[in-house]
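Shown next, in structure tokens, is the structure this report addresses.
There are 2 protein chains.
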Amino acid sequence: MGPSATVDAFHRGRFHLVQPASKGHRSGIDAMLLAGAVPTGFRGRAADFGAGAGAAGLAVATRCAEAHVTLVERSAEMSGCARASLDLPENQHLAPRIELLKADVALPGQERVRAGLSDRSFDFIIMNPPFNAVRDRATPDPLKREAHVMTEGLFEKWLRTAAAVARPGAEVAVIARPVSLPELLAALGSRFGGAEVLPIHPRQRAEAIRIIIRARQGSRAGLRLLDPLILHGSGRDFTERAEAVINGQVPLFR
Amino acid sequence: MGPSATVDAFHRGRFHLVQPASKGHRSGIDAMLLAGAVPTGFRGRAADFGAGAGAAGLAVATRCAEAHVTLVERSAEMSGCARASLDLPENQHLAPRIELLKADVALPGQERVRAGLSDRSFDFIIMNPPFNAVRDRATPDPLKREAHVMTEGLFEKWLRTAAAVARPGAEVAVIARPVSLPELLAALGSRFGGAEVLPIHPRQRAEAIRIIIRARQGSRAGLRLLDPLILHGSGRDFTERAEAVINGQVPLFR
């Protein structure tokens, strides 16, 4: 890692992350909220699809002491950051429970298996698909573009992969913008049931800026719309609950 | 109307409703919330699909002084109540702007036109489809069952009809349970865009019990998830905002 990378502390110093200093997708609130969808008592194998520098996966490993996490990232530069993160002395308490897989989540069938994503191998899959709309493609930074541009049918492909690598009864959690809700529900389809939709609002009286959906393979339960998480109070400070989730003190789902 | 019917005041006495006293679907909060989806300044022709005794349609006519409302109801008993409601002396200030159509919203094509639902004839369609799941079919009261049982593909049929009778740029508003969100979004599909989803929660920290979705024919805007309406405070009293919406003092969408 050169001068173009930074090392940032997360969860009040319980883990650190190597990230590109000025280009690429810098992790933050989204990754911490997504990680919050995994229950604190979770034990088993978790996959972090589109892991970037590994923020969400490392957050899961930090809060869930018996989780084994596989970071899946196709970008060479971002998976390089994830590798550097796992090599940091500060993360050696976590590194034995984390592995890194440089692979494209969208690969189909046998290509996916050859890339290292075996069928029926995970108990929880979290995903942060690149979710800005096509109109944002004008972004000048190509690395940032790779992380942010929504590709046609991406939710469908990522959830197809999630369904393939899920063990029976495994759960999936996705963070997305509200505009993606129709596409996301269609992609969950009959693969995952019992969907819980948790809206994220920047503040009271403002519309949602993100949704997190959690669902379970094989469940026949219907969709539920949970009470939202409000990020900020009247000022720029986080609400008490948002701060606790972002710092890994409590899970996102009550 | 016999002793088996009641006359109830809505909107603090601004309109009244004849309803079956002990059987059938008695209107209340759902109808008032749905009516709230129509902007106060609305002028033009509105249709109330599945009008029952006419609660939502009469609420729209009461708050929107330049609205003309068509109540569409297939049940003989409930449309009889709607007729009796329109004949009440208390409602004569509204009756000239309201018509009643005994018809099944789910009828296809020419059958629908013959039943009185002409193409491109409405500026706003509100609908309260029978939305309890099949497991509720055990309800012993057959009239109540007709109003509450979800028929396979009902949202698809009702929104197909809504799209047919909508004038270009017309809006539709639907009240449903959260469990119906996937089916409802699929049925809106490419017919109506710019969907605004407004969750209704019984109280803070409780999951949503209803959603109201408003969308516009021909819009290419993406879905938005609005800040929720909370019905109750700590006790049984309505919150200030819920009370104002239910009494027709303010519209539901800010």
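Top line first, the protein sequences correspond to chains A and B.
At position 158 of the first sequence the residue is numbered 146 (the working numbering), and the sequence of numbers has no breaks.
At position 180 of the second sequence the residue is numbered 168 (the working numbering), and the sequence of numbers has no breaks.
For every residue, glycine included, the Cβ atom is placed at its ideal position computed from N, Cα and C.
- A distance below 8 Å separates the beta carbons of P117(A) and A164(A).
- By the C-beta density criterion, H81(A) is exposed, having fewer than 16 other C-beta atoms within 10 angstroms.
- When the five nearest sequence neighbours on each side are left out, the beta carbons in the same chain lying within less than 7 Å of the beta carbon of V238(A) are those of A232, in order along the chain.
- The three-state reading of DSSP puts T149(B) in helix, counting H, G and I together.
- Per DSSP, V160(B) is one residue of the beta strand (DSSP E) stretching across 154 to 164.
- In its chain, beyond the 5 residues on either side, I113, V160 have a beta carbon closer than 6 Å to the beta carbon of A150(A).
- Excluding sequence positions up to five before and after L219(B), its CB lies within less than 8 Å of the CB of I17, I188, H189, P190, R191, F226, T227, A230, all in the same chain and listed in chain order.
- Under the DSSP assignment, G181(B) falls in the beta strand (DSSP E) whose first and last residues are 180 to 189.
- At a C-beta separation below 7 Å, G210(A) has these neighbours in chain B: V167.
- For P170(A), the enclosing alpha helix (DSSP H) starts and ends at 169 to 176.
- In terms of Cα proximity to I86(A), the closest of A25(A), M115(A), H56(A) is H56(A).
- DSSP, reduced to helix, strand and coil, places E195(A) outside both helices and strands of the structure shown, so it counts as coil.
- Listed by position along chain A, the residues whose Cβ is nearer than 9 Å to that of A161(B) form an empty set, because the closest Cβ is around 17 Å away.
- Per DSSP, the continuous beta strand (DSSP E) segment holding D36(B) begins and ends at 31 to 37.
- The beta-bridge partner set that DSSP reports for D(-4)(B) consists of L5(B).
- Any Cβ of chain A closer than 8 Å to the Cβ of D225(B) would place that residue at the interface, and such an atom is absent.
- Each residue's CA atom was taken as its position, placing A158(B) and D111(B) some 4 Å apart.
- If you compare the alpha carbons of L59(A), R71(A), A53(A) with that of A19(A), the shortest gap goes to L59(A).
- Ranked by Cα distance from E184(B), the first of V185(A), L186(A), L169(A) is L169(A).
- Using a Cβ-Cβ cut-off of 8 Å, I17(A) does not count as an interface residue toward chain B, since no Cβ of chain B sits closer than that to its own.
- In this chain, the beta strand (DSSP E) harbouring E54(A) covers 54 to 61.
- Here L240(A) carries a coil assignment [DSSP, helix/strand/coil].
- In the structure shown, the three-state DSSP call for D225(A) is coil.
- None of the residues of the region 87 to 110 of chain A has a beta carbon lying less than 8 Å from any beta carbon of chain B.
- Setting aside the 5 residues that flank it on each side, A25(A) is surrounded in the same chain by I114, A161, I200, R202, L240, F241, each with a C-beta closer than 7 Å to its C-beta; the list follows chain order.
- Counting the other CB atoms within 10 Å of its CB gives R204(B) a total of 16 or more, which places it among the buried residues.
- Using a Cβ-Cβ cut-off of 7 Å, P170(B) is close to L173, L211 of chain A, given in chain order.
- The DSSP-derived three-state label of Q80(A) is coil.
- In the three-state scheme derived from DSSP, where H, G and I count as helix and E and B as strand, L21(A) is classed as helix.
- For the region 176 to 190 of chain B, the residues whose beta carbon sits under 7 Å from a beta carbon of chain A are, in order, P187, H189.
- At a cut-off of 8 Å between beta carbons, R193(A) contacts chain B.
- Residue contact with chain A for I114(B): absent (no Cβ-Cβ distance below 8 Å to any residue of chain A).
- Within the DSSP bridge table, the entry for F110(A) names A154(A) as partners.
- Counting along the chain, L74(A) sits inside the alpha helix (DSSP H) bounded by residues 64 to 75.
- Assignment of beta-bridge partners to R204(B) by DSSP yields E159(B), G181(B).
- From the beta-carbon of A196(B), the residues of chain A found nearer than 7 Å are L213.
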